[in-house]
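Below you'll find the structure, written out as structure tokens, and then a few comments.
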Amino acid sequence: MATVAERPAAPPDQDRAAARRRRRRAAWRRQRVALLFMSPWIIGFSAFYVYPMASSLYFSFTKYDILSQPRWAGLSNYRFMFTSDPQFWVSLKNTLWIIVFLVPLQVIFAIAAATALTKVRHGLSLYRTIFFLPSMVPLVAATLGFLYLLNPAGPINRLLHLLHLPEPLWFVDPRYTKPGLTLIGLWGIGQIMIIFLAALLDVPKQLYEAAEIEGAGPWQQFRHVTLPMISPVIFFSLIIGMIQGFQYFTQAYVVSKAGERTNPIGYPQDSLLFYLSHLYQQGFERFHMGYAAALSWVMFIVTMSCTIALIRSSRRWVHYQGGFR
Amino acid sequence: MTAVPRAGAAAAVSRRPVSFAIRRHRILMSVANHSVAIALSLAFLLPFVFIMATALMTNQQVLSPNIWPHPFVWSNFKTVFQSFPFLRYTLNTVTYAGLATVGVLLSCTPVAYALSRLRWRGRQVAFMLVLSTLMLPPQVTIVPLYVIFVRLHWIGSLKPLIVPLFFGDAFTIFLLRQFFMTIPEELSDAARVDGANELQILTRVIVPLAKPALAAVALFQFLYSWNDFFNPLLYAGSNPNSWTLAVALQQFTNLSRGVLWNLQMAASLLFMLPVIVIFFFAQKVFVEGITLTGVKG
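So the protein lines, in turn, are chains A and B. Each step along the first sequence adds one to the number in this note's numbering, with nothing skipped, and position 198 is 648. Each step along the second sequence adds one to the number in this note's numbering, with nothing skipped, and position 163 is 164.
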């Protein structure tokens, strides 16, 4: 108000200047309100992302065990990781197995289950509930359940015995631990399946009618109508699956430690040693915090590169309808 | 789930006289389709059946080839409560899941509001940063966070699990923002004309309209925390008084030297029961929420 009084000349100009100032003041007030609303995130982002990311990067170049101060070690953590840590490569291989094998298998199974649901006219909601239910079960409980189901004398092996099929030792035999985890993964497919079901039911009926008129059989309809139409959802579930695949931990940890508390993470014979298991073991069991930080940065870079590669490739195979970005 | 009524409409349209051969073909197809669905249902349900049956068996019977419990040992559930502090773990889990849900709702609602319905400088940048934390594997930050929580003497308590959620969560912010964007701007403008400030608009106009989204977000967070294993193991695992059910159940596996499958299955059932009850009551909220994340994500 005081500034207005200083300039009494030229009334129209003064009006305009006052209006501009009022607008600027309103904008500033809006900015302040917005920042106030944003403040929980601003604090959280600085305290739980920016600062930890920066110090994690610093730790990754040090030897650090929490008790004493971090000691600068240059690139030695990274050098050790790539040249002298056999467990790093084992954990990477096991994690890639999850991403390259289990995740696509889950997607295929989810599409198949959702397709089976689209074929039934009555009782869809009951079937949907049943298919979805296992994905609600807490991972620890699901894993304990499968530990029982797949124990060498358990129900599954009794069933295999009746059918005169080989009875693997599942979670005791390193060759069969990952197939055992696959069963857990396929059982809990519900959430992806629900998304696929929605996508499948959203495919316009006219497209199938047009394909049928042109003489396309069921497989060709699926290949040339359904698949392109649900490709955005396939893309989405592959991305999510990959990011979660790098964080695969709980099921493997529970299985490894089930027999004996003192079993090492990854038991038996490192067949269940996944990337995050390795990081957990190094950082929080042996307190090699510097090395764990280096592992987490490699994990970050690998996840990011894979995500970017997948997004790049999506331009070739993901089909977006108009208006859907 | 818009397509479900559409399937019904299609059935109504096709109701005109059809020849016997076509009708027979249709019935056969329907039988075939239902048998696939039923077979898959059995596969999904079978683990539940075995877990439940085992939870009711004596430990001798678990190791015998009999599948049906005889006698039904309902006292297994009581034994679970008596043989280890199950109530304590339940209380810890409820504390974690409950406070996490409250924290996420309180902190993310205003943030999502600022990102969707206020015009200010830096909004786009802030939104991009939220999205980028969504893509960030949480493990990148755990080493320094662990160090911070050691310094604060929070390790062995539930605080490291709960406190950060009072400062925003990218997934929740993103979902709420997407939902707030769909609410017509005229409603806020009308309230503004009536002299309401932004906080009043948020609490009296937006929140009531966004109840379905808030419910979905609350459910997601509650279930996530209830089921969470990695974080409670990392931050609270060293102190048995702070164990959540997920951690306790895993430790219980170690402690039972003679592998008491029946008690283990009974404990697992008790652990999953609340989740399944919630699911049956809130199925619609849940399914719609997941579809929203999938389609819009």
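By construction, the Cβ of each residue, glycine as well, lies at the ideal position given by its N, Cα and C atoms. Treat the numbers as computed from the prediction; the structure is a model and nothing was measured.
Contact under 8 Å by Cβ, residue i with residue j
{"i": "tryptophan 620(A)", "j": "phenylalanine 45(B)", "result": "no"}
{"i": "threonine 593(A)", "j": "glutamine 519(A)", "result": "no"}
{"i": "histidine 769(A)", "j": "proline 678(A)", "result": "yes"}
{"i": "phenylalanine 696(A)", "j": "valine 144(B)", "result": "no"}
{"i": "leucine 610(A)", "j": "asparagine 228(B)", "result": "no"}
{"i": "phenylalanine 646(A)", "j": "valine 675(A)", "result": "no"}
{"i": "isoleucine 642(A)", "j": "serine 681(A)", "result": "no"}
{"i": "leucine 507(A)", "j": "glutamine 140(B)", "result": "no"}
{"i": "serine 585(A)", "j": "glycine 640(A)", "result": "yes"}
{"i": "leucine 119(B)", "j": "valine 483(A)", "result": "yes"}
{"i": "glycine 630(A)", "j": "leucine 657(A)", "result": "no"}
{"i": "serine 42(B)", "j": "isoleucine 580(A)", "result": "yes"}
{"i": "alanine 101(B)", "j": "leucine 29(B)", "result": "no"}
{"i": "methionine 749(A)", "j": "proline 138(B)", "result": "yes"}
Pick from the options that is closest to residue i, judged by C-alpha positions
{"i": "glutamate 289(B)", "options": "Leu176(B), Leu261(B), Met266(B) and Pro233(B)", "result": "Leu176(B)"}
{"i": "phenylalanine 82(B)", "options": "Leu264(B), Val248(B) and Pro213(B)", "result": "Leu264(B)"}
{"i": "methionine 136(B)", "options": "Ile751(A), Phe581(A), Arg762(A) and Trp767(A)", "result": "Ile751(A)"}
{"i": "alanine 216(B)", "options": "Phe282(B), Ile277(B) and Leu271(B)", "result": "Phe282(B)"}
{"i": "phenylalanine 487(A)", "options": "Leu274(B), Met129(B) and Arg124(B)", "result": "Arg124(B)"}
{"i": "histidine 154(B)", "options": "Thr173(B), Val194(B) and Tyr236(B)", "result": "Tyr236(B)"}
{"i": "valine 276(B)", "options": "Leu106(B), Phe51(B), Val95(B) and Tyr114(B)", "result": "Val95(B)"}
{"i": "leucine 1(B)", "options": "Met754(A), Met739(A), Ser763(A) and Ile758(A)", "result": "Summary: the structure shown does not reach residue 1(B), with chain B confined to residues 2 through 298, and so no result is reported for it."}
{"i": "leucine 64(B)", "options": "Ile279(B), Trp262(B) and His35(B)", "result": "Trp262(B)"}
{"i": "tyrosine 725(A)", "options": "Met692(A), Thr712(A), Gly709(A) and Thr757(A)", "result": "Met692(A)"}
{"i": "proline 654(A)", "options": "Gln671(A), Gly667(A), Ile644(A) and Gly665(A)", "result": "Gln671(A)"}
{"i": "serine 189(B)", "options": "Ser226(B), Thr204(B) and Ala56(B)", "result": "Thr204(B)"}
Chain B contact for residue i (CB, 8 Å cutoff)
{"i": "isoleucine 684(A)", "result": "no"}
{"i": "glutamine 556(A)", "result": "no"}
{"i": "alanine 708(A)", "result": "yes"}
{"i": "arginine 762(A)", "result": "no"}
{"i": "methionine 586(A)", "result": "yes"}
{"i": "serine 755(A)", "result": "no"}
{"i": "tyrosine 698(A)", "result": "no"}
{"i": "arginine 472(A)", "result": "no"}
{"i": "proline 618(A)", "result": "no"}
{"i": "methionine 531(A)", "result": "no"}
{"i": "lysine 628(A)", "result": "no"}
Residue span of the alpha helix (DSSP H) that contains residue i, given as start and end
{"i": "valine 37(B)", "result": "21 to 56"}
{"i": "glutamate 617(A)", "result": "Segment: none, glutamate 617(A) is in no alpha helix (DSSP H) and carries neither H nor E."}
{"i": "phenylalanine 686(A)", "result": "677 to 696"}
{"i": "tyrosine 730(A)", "result": "725 to 730"}
{"i": "valine 148(B)", "result": "143 to 152"}
{"i": "serine 519(A)", "result": "The amino acid at residue 519(A) is misidentified as serine; the sequence shows glutamine. Unbroken run through glutamine 519(A): none, as it is neither H nor E."}
{"i": "methionine 754(A)", "result": "739 to 767"}
{"i": "isoleucine 561(A)", "result": "553 to 569"}
{"i": "proline 233(B)", "result": "231 to 237"}
{"i": "methionine 266(B)", "result": "262 to 282"}
{"i": "serine 526(A)", "result": "526 to 533"}
{"i": "valine 105(B)", "result": "87 to 118"}
{"i": "threonine 245(B)", "result": "Taken as a continuous stretch (DSSP letters only), threonine 245(B) belongs to no alpha helix (DSSP H), as it is neither H nor E."}
CB contact below 8 Å: residue i versus chain A
{"i": "phenylalanine 175(B)", "result": "no"}
{"i": "glycine 169(B)", "result": "yes"}
{"i": "glutamine 251(B)", "result": "yes"}
{"i": "asparagine 232(B)", "result": "no"}
{"i": "glutamine 140(B)", "result": "yes"}
{"i": "phenylalanine 280(B)", "result": "yes"}
{"i": "glutamine 222(B)", "result": "no"}
{"i": "proline 241(B)", "result": "no"}
{"i": "threonine 292(B)", "result": "yes"}
{"i": "tryptophan 227(B)", "result": "yes"}
{"i": "alanine 22(B)", "result": "no"}
{"i": "alanine 284(B)", "result": "A small correction: the amino acid at residue 284(B) is glutamine; alanine does not occupy that position in the sequence shown. It does; some Cβ of chain A falls within 8 Å."}
{"i": "asparagine 34(B)", "result": "yes"}
{"i": "alanine 199(B)", "result": "Note on residue identity: the sequence assigns glutamate, not alanine, to residue 199(B). By this cut-off, glutamate 199(B) is an interface position."}
{"i": "isoleucine 163(B)", "result": "no"}
{"i": "tryptophan 155(B)", "result": "no"}
Along the segment 58 to 71 of chain B, where does the CB come closer than 9 Å to a CB of chain A? Name the residues. So the list reads Val63, Leu64, Pro66 and Ile68, given in the order they occur along the chain.
Could you please tell me which residues of the segment 732 to 752 of chain A, in chain order, have their CB closer than 8 Å to any CB of chain B? Within the segment 732 to 752 of chain A, the residues whose Cβ lies closer than 8 Å to some Cβ of chain B are Gly733, Phe734, Met739, Ala742, Ala743, Ser746, Trp747, Met749 and Phe750, listed in chain order.
Using a Cβ cut-off of 7 Å, which residues of the segment 264 to 276 of chain B contact any Cβ in chain A, in chain order? Contact annotation: in the segment 264 to 276 of chain B, residues whose CB is within less than 7 Å of a CB in chain A are Gln265, Met266, Ser269, Phe272, Met273 and Val276.
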